[in-house]
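In what follows, a single structure is set out as structure tokens and then discussed.
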Amino acid sequence: MAYDWFFQLRPIEPIDEKIVIVGMDERDIRKYGHPISDRDLARVISKIKAGNPKVIGLNIVRDRPVREGIEELNEVFATTPNLISVEKVVGEKGDTIAPPPELANRKQIASVDVAVDSDGVLRRGFFAITRTKDGVIFHSLGSQLAISYLEAYGINPTLTPDEVGTQIGKVSLYPLLPNDGGYQNLDVWDFQFLVNFRSPTQSFKKVSFSQVLTGEIETNLFKNKIVMLGMTAVSIKDEFYTPFSHSLNNPPKLIHGVEVQANFASDLLGAVLDSRPTIKVIPDAVEYVFIFIWGLGTAVAVWKVRGIKNYLILFSIVFGIVIILVLTLYYGSFLAFLQGWWLPFVPSVLSMVGTSTLFSGLILWEKNQELERLQDRLVFEKKQLELVKVAEDAGHELRTPVQSIVYFLDLSFESLEEIRKELEKQSTKLSSEFLVNLETQIEFFREYLQRISRNNLRIKKIADELFPNFKREEQNFVPIDINKLVELNTKEVIAVKCSQEKNIAINLETDYDLSIQEKG
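Next up, the structure:
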């Protein structure tokens, strides 16, 4: 998860000089046996005590005597008020482990319990925890050591003003909630907090039991320090995964239980004394707004490029937008993490990806609708152009005989005029009766030609209305409603015919092709 990546990308921090770990490694086990005897453990604690540490943490469960030296160990317990041992306080009967009786009587006990996430990684620590059997509240060993250390500086934990968290110096520590950060419905109990782990390498100074017992340590190594005793032998299996454990290039790294408790203590001490940030989360309401804003920003950016016609270019740009926004969010979240803020990076990325996918689909749908409208328009214009061609052909077929009639009429009128002129020349040679009769015939023929001319003009007018001179340029093409035009002219013909023949009744029935109507 992004939370772990941020830990691994973070610059390596210097060693915490306030804490020293005394570990029992494999060589110590071969030399002193496991578990170590009470006498040898008493000797180690005495050596550390002589180094004048502020507080000593014994991260080894000790609920019964081990071989020889129980009196010596109890004597050390009784005379070391700054020694804190551990008890496993959570679990059913039989799963808990009691503390050393001598230290339990003096209330020098803390909890060794930890909370591991479902993926096996330890990211949370207990600040306070309730013992199952009687409800007594303990601090974790690391937290108790930090509190004891800070008492020397006059710093004691109190409730925050809202009485929800704990105030230590200027640091406010609040219990983890089920939906904080990247968690969803986490089964969280008691007072847990997100641990700001140090790097597994070079976090604390470490020496072995043998080095302490033989004096092979630096002078004043323990002075005014927190000294923690625990198992560092791989064979004991007291190890845990942390956010640093899993990486792409290296095998998983584990840290020992004593190092886990050392990180708990270092986290609190660093926050109070060194202004080292603790891991914090934003409130749920702000988190939802944060996720929504990134999703909305992605939607707006994707929607603004929807005008690009080329699909390949469009979706390449959309992909680029999402990548840029994800990288921006990642960089910003990492900078915030360096200041101790765990922002909802993964939910925001999912919001951006989901939003970009949704709006890409909407853009694709819109473009398909536009394509369908264009296809409909092309089909409509194709039909109009086909009708234009038909009309032109029909108009040509109709105008040809009309023009022929006009030409015939012109010739006929010219011939009549020539006949009239010739009769005037021959009037002296012809009888008056013949002239009158011929004049009557000529006048009748002229009237007949005029009737033909008037009807021809009517036919020409109808042809011009039915079949105008269309322009074929598509840019200037204006569609007309052929249905209405045919109906109007047909009605005109019917009206003329009915006026001439009173006993004729004509009903007009139409069956339009609506696909060729004029579109508004």
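Under the working numbering, read the sequence shown as residues 389 to 908, first letter to last. We put the beta carbon where it would ideally sit given N, CA and C, even for glycine.
Here's the rule I'm using: 16 or more other beta-carbon atoms within 10 Å means buried, otherwise exposed. How should PRO488 be labelled? Walking along the sequence shown from the start, residue 488 turns up at place 100. With 16 or more Cβ atoms within 10 Å of its Cβ, PRO488 is classed as buried.
Have a look at the DSSP bridge pairing and note the partners of PHE581. Walking along the sequence shown from the start, residue 581 turns up at place 193. Answer is GLY513.
Applying the 10 Å Cβ sphere with the 16-neighbour rule, what's the burial state of GLU802? Here residue 802 refers to the residue found at position 414 of the sequence shown. Flag for GLU802 reads exposed.
Hey, would you say LYS419 sits closer than 9 Å to ILE614, going by beta carbons? Within the sequence shown, residue 419 is the residue found at index 31, counting from 1. Within the sequence shown, residue 614 is the residue found at index 226, counting from 1. Not closer than 9 Å, so no.
Alpha carbon to alpha carbon, what distance is there between ASN637 and ASP426? Reading the sequence shown from its first residue, position 38 is the one you call residue 426. Reading the sequence shown from its first residue, position 249 is the one you call residue 637. In a straight line, the C-alpha of ASP426 is about 43 Å away from that of ASN637.
Cα-Cα, which of GLY513, ARG519, GLY708 is closest to ILE497? Residue mapping note: residue 497 aligns to position 109 of the sequence shown, counting from 1. Of the candidates GLY513, ARG519, GLY708, the one whose C-alpha sits nearest the C-alpha of ILE497 is ARG519.
Ignore the nearest five residues each way along the sequence and tell me which others in ALA659's own chain have a CB closer than 6 Å to its CB. For this step, residue 659 is matched to residue 271 along the sequence shown. Closer than 6 Å at Cβ, skipping near neighbours: VAL559, THR666.
Give a yes or no on whether the C-beta atoms belonging to VAL478 and SER499 are separated by under 9 Å. Position 90 of the sequence shown, counting from 1, holds the residue named residue 478. Position 111 of the sequence shown, counting from 1, holds the residue named residue 499. For VAL478 and SER499, yes; Cβs fall inside 9 Å.
Continuous alpha helix (DSSP H) assignments of at least 4 residues falling wholly in the segment 644-707: 645-662, 672-692
Nearest to THR741 by alpha carbon, out of PHE680, GLU456, GLY553? Within the sequence shown, the letter at position 353 stands for residue 741. Rather than Thr, the amino acid found at residue 741 in this sequence is Val. Checking every option, the nearest Cα to that of VAL741 belongs to PHE680.
Helix, strand or coil for VAL710? Go by DSSP, reduced to three states. Residue mapping note: residue 710 aligns to position 322 of the sequence shown, counting from 1. It is helical.
Please give the ranges of any alpha helix (DSSP H) in the segment 413-492, keeping only runs that are unbroken, at least 4 residues long and fully inside the region. 414-420, 426-438, 458-466
Rounded to whole angstroms, what's the CA-CA distance from LYS668 to ASN544? Just pull it up for me. Residue 668 sits at position 280 when you count from the first residue of the sequence shown. Residue 544 sits at position 156 when you count from the first residue of the sequence shown. Near 21 Å, if we compare the C-alpha coordinates of ASN544 and LYS668.
Taking the Cβ atom as the reference point for each residue, do ILE458 and MET412 lie within a distance shorter than 9 Å? Start at 1 with the first residue of the sequence shown, and residue 458 comes out as number 70. Start at 1 with the first residue of the sequence shown, and residue 412 comes out as number 24. In this structure, MET412 does not lie closer than 9 Å to ILE458 by Cβ.
List the whole-angstrom C-beta distance separating PHE610 from VAL408, where the pair is believed to meet the contact cut-off of C-beta under 8 Å. As a first step, residue 610 is located in the sequence shown; it is residue number 222 there, counting from the start. As a first step, residue 408 is located in the sequence shown; it is residue number 20 there, counting from the start. With 8 Å as the limit, PHE610 and VAL408 qualify as a contact, their Cβ atoms being about 6 Å apart.
On a CA-only basis, which of VAL688, PRO441, PRO732, LYS437 is nearest VAL464? Give me that one, please. Locating residue 464 in the sequence shown gives position 76, counting from the first residue. Per the Cα distances, LYS437.
Counting only the same chain and skipping the five closest in sequence on each side, list residues whose C-beta sits under 7 Å from that of ASN756. Position 368 of the sequence shown, counting from 1, holds the residue named residue 756. Nothing listed; no residue qualifies.
Taking ASN698 as the reference, give the member of LEU738, ALA724, LEU471, LEU759 with the closest Cα. As a first step, residue 698 is located in the sequence shown; it is residue number 310 there, counting from the start. Checking every option, the nearest Cα to that of ASN698 belongs to LEU759.
Could you give the distance in angstroms between the alpha-carbon of VAL504 and the alpha-carbon of TRP691? Taking the sequence shown and counting its residues from 1, the one referred to as residue 504 is at position 116. Taking the sequence shown and counting its residues from 1, the one referred to as residue 691 is at position 303. Going from the Cα of VAL504 to the Cα of TRP691 covers about 43 Å.
Option nearest GLN727 by Cα separation, candidates HIS644, ASP392, ARG398: Taking the first residue of the sequence shown as 1, we reach residue 727 at position 339. Nearest C-alpha to GLN727: ARG398.
Let's see if you can read the secondary structure: which residues bound the alpha helix (DSSP H) around LEU601? Locating residue 601 in the sequence shown gives position 213, where the first residue counts as 1. Counting along the chain, the alpha helix (DSSP H) containing LEU601 begins and ends at 597-602.
Nearest-angstrom beta carbon gap, MET616 and GLN649 [assumed within contact, 8 Å]: By 1-based counting over the sequence shown, the position of residue 649 is 261. By 1-based counting over the sequence shown, the position of residue 616 is 228. About 6 Å; that satisfies the 8 Å criterion.
Please state if the CB of SER736 and the CB of VAL710 are separated by a distance shorter than 9 Å. Residue numbering aside, residue 710 sits at position 322 when the sequence shown is read from its first letter. Residue numbering aside, residue 736 sits at position 348 when the sequence shown is read from its first letter. No, these two residues do not count as a Cβ contact at 9 Å.
Cβ-based neighbour list, PRO441, same chain, cut-off 6 Å, excluding 5 preceding and 5 following: Locating residue 441 in the sequence shown gives position 53, where the first residue counts as 1. If we look at PRO441 and ignore the five residues flanking it on each side, its Cβ neighbours are PHE610, LYS613, VAL615.
Unbroken beta strand (DSSP E) run spanning GLY530, endpoints: Position 142 of the sequence shown holds residue 530. From DSSP, GLY530 is part of no beta strand (DSSP E) but of the alpha helix (DSSP H) over 529-539.
Here's the rule: buried if 16 or more other CB atoms are within 10 angstroms of the residue's CB, otherwise exposed. What is GLN590? The residue labelled residue 590 in the question sits at position 202 within the sequence shown. It counts as exposed.
What does the alpha-carbon distance come out to for the pair GLN863 and PHE768? Here residue 863 corresponds to residue number 475 of the sequence shown, with the count starting at 1. Here residue 768 corresponds to residue number 380 of the sequence shown, with the count starting at 1. Its pLDDT being 45, under 50, GLN863 is placed unreliably by the model, and the measurement read from it follows with that caveat. Taking the straight line joining both Cα atoms gives about 15 Å.
Buried or exposed by the 16-neighbour rule on C-beta atoms within 10 Å, applied to TRP730: As a first step, residue 730 is located in the sequence shown; it is residue number 342 there, counting from the start. So TRP730 counts as buried.
Over the uninterrupted beta strand (DSSP E) stretch that includes TYR629, give me the two end residues. What you label residue 629 is simply residue 241 of the sequence shown in a count that begins at 1. It spans 627-629 - the beta strand (DSSP E) in which TYR629 sits, taken as one unbroken run.
With a threshold of 6 Å on Cβ separation, who are the neighbours of ILE696 within its own chain once the five nearest residues in sequence on each side are excluded? On the sequence shown, position 308 is the one that residue 696 refers to. Closer than 6 Å at the Cβ level, and outside the excluded window around ILE696, lie LEU702.
8 Å Cβ shell around GLU627 - same chain, five flanking residues per side excluded: For the purposes of this step, residue 627 is identified with residue 239 of the sequence shown, where counting begins at 1. Answer for GLU627: LEU642, ILE643, HIS644, GLY645, listed in chain order.
Can you say whether SER772 is buried or exposed, counting buried as having 16 or more other CB atoms within 10 angstroms of its CB? As a first step, residue 772 must be located in the sequence shown, where it is residue number 384. Checking the displayed sequence, the identity of residue 772 turns out to be Gln instead of Ser. Buried, because 16 or more other Cβ atoms sit within 10 Å of the Cβ of GLN772.
So, using beta-carbon positions, are LEU533 and GLY603 closer together than 9 Å? For the purposes of this step, residue 533 is identified with residue 145 of the sequence shown, where counting begins at 1. For the purposes of this step, residue 603 is identified with residue 215 of the sequence shown, where counting begins at 1. Taking 9 Å as the Cβ cut-off, LEU533 and GLY603 do not qualify as a contacting pair.
So what's MET740 in DSSP terms, helix, strand or just coil? Against the sequence shown, residue 740 aligns to sequence position 352. MET740: helix per DSSP, three-state reduction.
Any idea what DSSP makes of GLN771, helix, strand or coil? Counting from one through the sequence shown, the residue named residue 771 turns up at place 383. Looking at the sequence itself, residue 771 is Lys, so the reference to Gln does not match. The answer is helix: DSSP assigns LYS771 an H, G or I state.
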